[in-house]
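Protein chains in written order, with our numbering: chain A, 11 to 297; chain B, 181 to 351.
Beta carbons: idealized from backbone N, C-alpha and C, even for Gly.
Just so it is clear, the structure is predicted and the values come from calculations on it, not from any experiment.
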């Protein structure tokens, strides 16, 4: 075996390793761009991954429709009954109108944020071993995508772009502890930080922490971005499902269920430009 | 001589195609095979089987291909998979060439060693220091190690497939 380590073959292998390690160090330092060899293969394989994901979604939809057929018929009958009840509740119109105005403030994102510029994108692959449900979309720097661009759907915030290739980009979701963003309880304006957590990620939740003990957040409150960091303000994140106290009773945290069902995302919008863009970048240094 | 080169090229082409298809299936999860959080790294099992029938340099290049394909969609750091899978492929080729016999038992032993190594290193670089100790241990024992063991199951058909391809081309 020692003859192998003196052979020309071994020297070639060492050269290959050296090149790859050098690329890893360079692009690891840059942090936001894919390495060239990964970018080339990602570009070449993107159409095939899109096709495979499209086939998988079609098959999944077919079986869902087939299995849910009976359930939908029963649900339809129930809904007809509920419709009659709703007609009797017409006196609640004012309350529902007020709620509607509340939704318009946040869900009419483009109307209230004319400075936003969007690029639509489709999910083409996921990292199966990532418990935080990170994924890859089919748009890259050739479509004007940059690192740290926020990613949303019509339901709310998904995450942000971490690495950009020519025609693909990687997305880190709100379930990931690497993503920390400033957030507000929209009812009480209590501020805190939203970040992911491995335990909560399994149930598709994240944590709203660093809330003062005198805050008045409640279950059911909506949490929105505060505009600090890389995200514009006013983006819906999720709803508070439970409230607790940290180990030392110094602050309160709330577990949030994101409005976006991250494991079932198919299409997203990437905000490529907005007023005030270019805030403090996330700190991705691991301890 | 030319015929031998053609066989080598054909052997490499077939294996590149298989590796690409497996990576495509793995990244899109088109056939869900995860069991309760244990997700097998199928391209790794194929890589181990392939490296048992190739020379060291070819094995490293195969590891580079597999790692690059995985890096294109993985949430891990840049070039992480390229480096780790190149190390795994070189280790496998050297062990089979100098120490182990080339049989199914060796394939399973090498695959379990390489899978545990891959998931352990991934755990160290990705979770061990970025989440709480309790969470990192949960990930290690509930997801990483079961995934490593589940990955070994797939080396069995891949070993026989690779042996068939190797004998077919009579390299």
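The C-beta of residue 222 of chain B has 16 or more other C-beta atoms within 10 Å across all chains shown, which makes the residue buried. About 4 Å separates the Cβ atoms of residue 328 of chain B and residue 295 of chain B, confirming a contact at the 8 Å cut-off. The residues 264, in chain order, have a CB closer than 7 Å to that of residue 301 of chain B in the same chain once the five nearest residues on each side in sequence are set aside. Taking C-beta separations shorter than 6 Å and ignoring five residues to either side along the sequence, the partners of residue 165 of chain A in its chain run 269 and 270, following chain order. By the neighbour-count definition (other C-beta atoms within 10 Å, threshold 16), residue 141 of chain A is a buried residue. The beta carbons of residue 246 of chain A and residue 234 of chain A sit closer together than 8 Å.
In the structure shown, residue 267 of chain A falls within a strand segment according to DSSP collapsed to helix, strand and coil. Here the segment 212-231 of chain B lies against the segment 335-348 of chain B, with 3 or more beta-carbon pairs under 8 Å apart. For the segment 332-347 of chain B, the set of positions with a beta-carbon nearer than 7 Å to some beta-carbon of chain A is empty. In terms of Cα proximity to residue 215 of chain B, the closest of B:344, B:343 and B:323 is B:323. The three-state reading of DSSP puts residue 130 of chain A in strand, counting E and B together. When Cβ-Cβ separations below 8 Å define contact, residue 301 of chain B makes no contact with chain A. DSSP, read as helix, strand or coil, puts residue 275 of chain A in coil. By the neighbour-count definition (other C-beta atoms within 10 Å, threshold 16), residue 49 of chain A is a buried residue. Taken through DSSP and simplified to helix, strand or coil, residue 251 of chain A comes out as strand.
Non-local C-beta neighbours of residue 244 of chain B in its own chain, meaning closer than 7 Å and more than five positions away in sequence, comprise 262 and 266, ordered along the chain.
DSSP places residue 216 of chain A inside the beta strand (DSSP E), whose first and last residues are 216-221.
Residue 43 of chain A and residue 263 of chain A have their C-alpha atoms spaced approximately 34 Å apart. Taking a C-beta cut-off of 7 Å against chain B, the contacting residues of the segment 192-219 of chain A are 208 and 209, listed in chain order. Residues of chain A with a Cβ closer than 8 Å to the Cβ of residue 270 of chain B are, in chain order, 23.
Classified as exposed, residue 38 of chain A has fewer than 16 neighbouring CB atoms from the shown chains inside 10 Å of its CB. If one requires a minimum length of 4 residues, the alpha helix (DSSP H) runs lying completely within the segment 212-281 of chain B are 222-231, 236-251 and 260-278, in chain order. Of all residues in the segment 49-82 of chain A, only 51, 52, 55, 58, 59, 62, 63, 65 and 66 place a beta-carbon less than 7 Å from a beta-carbon of chain B. Note that the C-beta distance between residue 203 of chain A and residue 229 of chain A is not below 8 Å.
In the displayed model, residue 141 of chain A falls within coil according to three-state DSSP, outside both helix and strand. Annotated three-state conformation of residue 202 of chain B is helix, per DSSP. Proximity of chain A to residue 291 of chain B at the Cβ level (cut-off 7 Å) is not reached, the minimal Cβ distance being about 17 Å. Partner residues in the beta bridge of residue 195 of chain A, as assigned by DSSP, are A:233.
Taking 9 Å as the upper bound on Cβ-Cβ separation, chain B lies near residues 172, 173, 175, 178, 180 and 182 of the segment 151-183 of chain A. Taking a C-beta cut-off of 7 Å against chain B, the contacting residues of the segment 122-136 of chain A are 135 and 136, listed in chain order. Here residue 148 of chain A is near residue 178 of chain A, since their CB atoms are less than 8 Å apart. Using a Cβ-Cβ cut-off of 9 Å, residue 278 of chain B is close to 11 and 14 of chain A, given in chain order. For residue 343 of chain B and residue 51 of chain A, the gap between their C-alpha atoms comes out near 27 Å.
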